[in-house]
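Just below is one structure, and these are the notes that go with it.
In full-length UniProt numbering, the protein residues as written are 1 to 153.
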């Protein structure tokens with residue numbers, strides 16, 4: 001092979017190499033463009049995610065404050081209800097004592113009424129007998145029953 005042929009072969013090889021390098025550069029530029037696009041997309045997505053995270057954190061903080069206020073309000077209501085329950089229990093105990101007192105008063109009054117009825121029956125029986133002494137005795141019985149039973153409340 002002559003020098004010119006060698007040189008032509010060499011030029012041809014260099015042109016092929018140059019074409020390969022151009023293709024490689026284009027591919028690298030394309031890859032670089034894709035990477036840049038990806039970076040930009042990631043950056044936008046990251047910014048959106050950061051925005052969402054901040055929004056969620058703010059909402060969470062707001063909810064946290066609301067929950068705290070709600071818990072405080074409910075605690076106050078529970079305390080109020082406990083106080084009302086204690087007052088109702090005290091009133092129930094008072095009413096129970098009053099009821100017991102009234103029941104005992106009614107029992108005492110019924111006993112006195114029975115005693116008075118018994119005394120009246122006895123006095124009526126004696127009055128029917130027509131005896132003078134019996135009449136005095138009947139009056140005394142009625143008076144004694146009235147003094148004993150009705151003098152104490």
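All residues carry an ideal CB built from backbone N, CA and C; glycine is no exception.
- In the assembly as shown, residue 145 is a buried residue. Its beta-carbon has 16 or more other beta-carbons within 10 Å.
- 138 is the residue among 115, 138 and 114 whose C-alpha sits nearest the C-alpha of residue 124.
- Considered as a whole, the region 63 to 129 harbours no complete run of any alpha helix (DSSP H) with no fewer than 4 residues.
- Annotated as distal: residue 142 and residue 113, with beta-carbon spacing of 8 Å or more.
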